Structure formats: C-alpha cells, structure tokens
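The structure under discussion appears below in the form of structure tokens.
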Amino acid sequence: MAEIVPLGQLAGVVPDPALWTAVIPAAGRGSRLGSAAPKLLYPLLGRPILDWLLDAVRPSCRRLVFVLAPAQVDVVRPLLERRLGGEVAVVLQESPLGMGDAVRLAAPRVTTPHTLVVWGDQATLRATTVAACAAWHERRPGAALTLPTVLREEPYIHLERDREGRLLRVLQAREGEIHQAVGENDCGLFLFRTALLFSLLEAARVEGGATGAGTREFNLLQVLPRFETGPGAVGTVRIEDVEETQGVNTPQDACLVEGILRRRGVTGHP
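Written as structure tokens, this is what we have:
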C-alpha cells in the first residue's frame, strides 16, 4: 500500500540542510498581475514573493538554484546574489518549454543527494511544512519522491491512484483533464532523490511522454508516476490546510494570499 502520512505526525522533525538543494522555476512574468516586473518580485504585504519563498525553503536547503527567463536575469540575479551570496546559482531557460524543462536545466548545478522543487509563486508554504517533508524524505529508506498533497474542491491538479494508492496519472485542469468536484492536489512542493529526478526527467524528455495535450509543455507533474519504482519509493504527506496550495497568478490571487498571510499574523515591510 502507498505510504500516506498526516503532516501532524511529522511535527518537530528537522532535516539536514547540507543534503538539500532547492530548485525554483521562476521564469514567470508578472503580466497577468498587471506588473512589468518578474513575478518573483511582485509585492505581497510590501515584500516580494521571493522573500516569502526564502522564508519557507532556506531553513531546509543549503543551496538554491533559480531558473529564470533571459529577460529577468539583469533584474533578479543581482538581488539574489546580494541576498544569498555563494548559496545561489542562476540558470537560464531560453524558451518557455515547461516546468519539466526548467527543472532539467538545473541539473548541472545540483550536487546534493536530495532536491526540493518549489514553484516560484508559492508564497503561502510554511517553513515547518517544508522542513517536516524534507526530514521524512531523508529518513525513508529507498525514498524516490515525497509529495505533499491536500484534498480540495475545484482542484487544479488531481493525482489519480490505483487500488494500492500508487500514482497512475497526474491530471491538470488547464489541460481539460479534471472532471471531479474534489481531488487530490499538490502543494507546489516536491522532494526528490537527485540522481533519479534528473535521470527520469531526461528519459521523459527523450520519450516525449510528459507533454501536455493542450499546452504542449514538458511537464514535471506528468513525470511523477515514473517515481513508483518499488515499495516505499513514493511517500505522500497529507496536508490539511488548503491555503498552503495557493499560488499567485492574478490580482485576485494576490489578495487571497495577502489575506492568508495576515491571518497567520505575519507582516511585510512597512
């Protein structure tokens, strides 16, 4: 049977940051937000999305790799280097070919045994959630993928599983593939064994089996079932707080996220 653990059972466990690199695909533009700046720099409560991301992942990861579009580099790279110094690397994604492509491009910059991938607009992830998932991944023998998920209405992602709970397919609303009212949604956070991550991504790229039917993008999500390499290879952390899945794509999303952050009692810069 698939291993599914409630997040609450992992409270207090701590990962070893030296074992982890965070790969952050962040080539998105802020055009849908009405901003000319990169989405990574869009302000929420007076702080850029970048800062909220760093709050969440930096305690668990010694090194970070940002995948950027060429037009963003001159603006974003100096800021990253001032904030992170030698802990950060920047990789260019010349063409917007999808998240699978973005992560694959980071491979030469990742030398740690484990890799954490987080989308570049996940401002509501908690540092404690990231740490608990990373620590559990480290402690699971044979762990290939650790996947935090939440059950939610109107899912934009749905994980389809077999009777034993193994991943079969990852369905996406933007590809017109989801027809149920409630689904199992990812949280924009994925934790991998590094060597397997990049070998499976390369295999999927060559075989063409992870391309969206509508978008034609090379998709990381569609590669996830390939990590079902044996018992215990894929572990799921069940998160109860659907607010941790909220990305930032529109001004309405930004308002939602600011409300979430305020309710948590966190504040930005004045």
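Quick note: the sequence shown uses our numbering, first residue 786, plus one each step. No residue lacks a Cβ here, since even glycine has one placed at the ideal position from N, Cα and C. It should be emphasised that the depicted structure is a prediction, and the values quoted were computed from it without experimental measurement.
Quick check: the Cα distance between residue i and residue j, rounded to an integer number of angstroms?
i: Ser880; j: Arg814; result: 13 Å
i: Glu866; j: Val860; result: 11 Å
i: Glu1043; j: Asp947; result: 37 Å
i: Cys1040; j: Val1051; result: 15 Å
i: Met786; j: Pro1016; result: 8 Å
i: Ile1045; j: Gly1020; result: 27 Å
i: Phe1012; j: Ile942; result: 18 Å
i: Arg862; j: Leu1005; result: 24 Å
Taking the alpha-carbon of residue i as reference, which of the options has the nearest alpha-carbon?
i: Leu1058; options: His964, Leu944, Pro810, His922; result: An answer regarding residue 1058 cannot be provided, because it is not within the stretch 786 to 1055 covered by the chain.
i: Val967; options: Gly973, Ala958, Val873, Gln794; result: Ala958
i: Thr1030; options: Gly1020, Val873, Phe975, Trp805; result: Phe975
i: Glu969; options: Leu956, Leu825, Thr979, Phe977; result: Leu956
i: Ala1124; options: Pro893, Ser984, Ala920, Pro1036; result: The first residue shown for the chain is 786 and the last is 1055, placing residue 1124 beyond what the model contains.
i: Pro1010; options: Gly950, Gly961, Thr1035, Asp801; result: Gly950
i: Val852; options: Arg868, Gln878, Arg862; result: Gln878
i: Val895; options: Cys846, Glu945, Ile1045, Pro940; result: Cys846
i: Asp801; options: Glu962, Leu838, Pro844; result: Pro844
i: His964; options: Ala854, Phe983, Glu939; result: Glu939
i: Trp837; options: Leu864, Ala822, Asp906; result: Asp906
Secondary structure at residue i, three-state DSSP: helix, strand or coil?
i: Ile809; result: strand
i: Val1033; result: coil
i: Val860; result: helix
i: Gln965; result: coil
i: Asp1087; result: In the structure as shown, the chain starts at 786 and stops at 1055, and residue 1087 therefore has no counterpart that could be examined.
i: Asp971; result: strand
i: Pro893; result: helix
i: Gln1007; result: helix
Determine the contact status of residue i and residue j, defining contact as a CB-CB distance below 8 Å.
i: Leu792; j: Ala908; result: no
i: Arg937; j: Val1027; result: yes
i: Val873; j: Leu849; result: yes
i: Arg911; j: Ala841; result: yes
i: Thr914; j: Ile789; result: no
i: Arg817; j: Thr1035; result: yes
i: Pro898; j: Cys918; result: no
i: Gln857; j: Ala803; result: no
i: Arg954; j: Glu960; result: no
i: Val808; j: Ala916; result: no
i: Leu839; j: Leu825; result: no
Using a Cβ-Cβ cutoff of less than 7 Å, which residues in the same chain neighbour residue i once the five nearest sequence positions on both sides are dropped?
i: Ser820; result: Tyr827
i: Trp904; result: Pro810, Gly973, Gly1032
i: Leu1072; result: Outside the modelled stretch of the chain, which goes from 786 to 1055, sits residue 1072, for which no answer is possible.
i: Thr1014; result: Ala929
i: Gly927; result: Gly1015, Gly1017, Ala1018
i: Thr979; result: Val895, Thr897, Pro898, His899, Thr900
Note down, in chain order, each residue of its chain lying with its Cβ closer than 6 Å to the Cβ of residue i, except the 5 sequence neighbours on either side.
i: Phe977; result: Thr900, Leu930
i: Leu981; result: Ala929
i: Phe983; result: Ala892
For residue i, collect the residues of the same chain with a Cβ closer than 8 Å to its Cβ; drop the 5 residues on either side in sequence, then sort them by chain order.
i: Arg740; result: This structure leaves residue 740 out entirely; the chain is present only between 786 and 1055.
i: Arg990; result: Gly885, Asp886, Arg889, Phe1003
Is any heavy atom of the ligand COA found at a distance shorter than 7 Å from the C-beta of residue i?
i: Pro800; result: Judged by which ligands are present, the structure shown has none, so any question about the ligand COA falls away.
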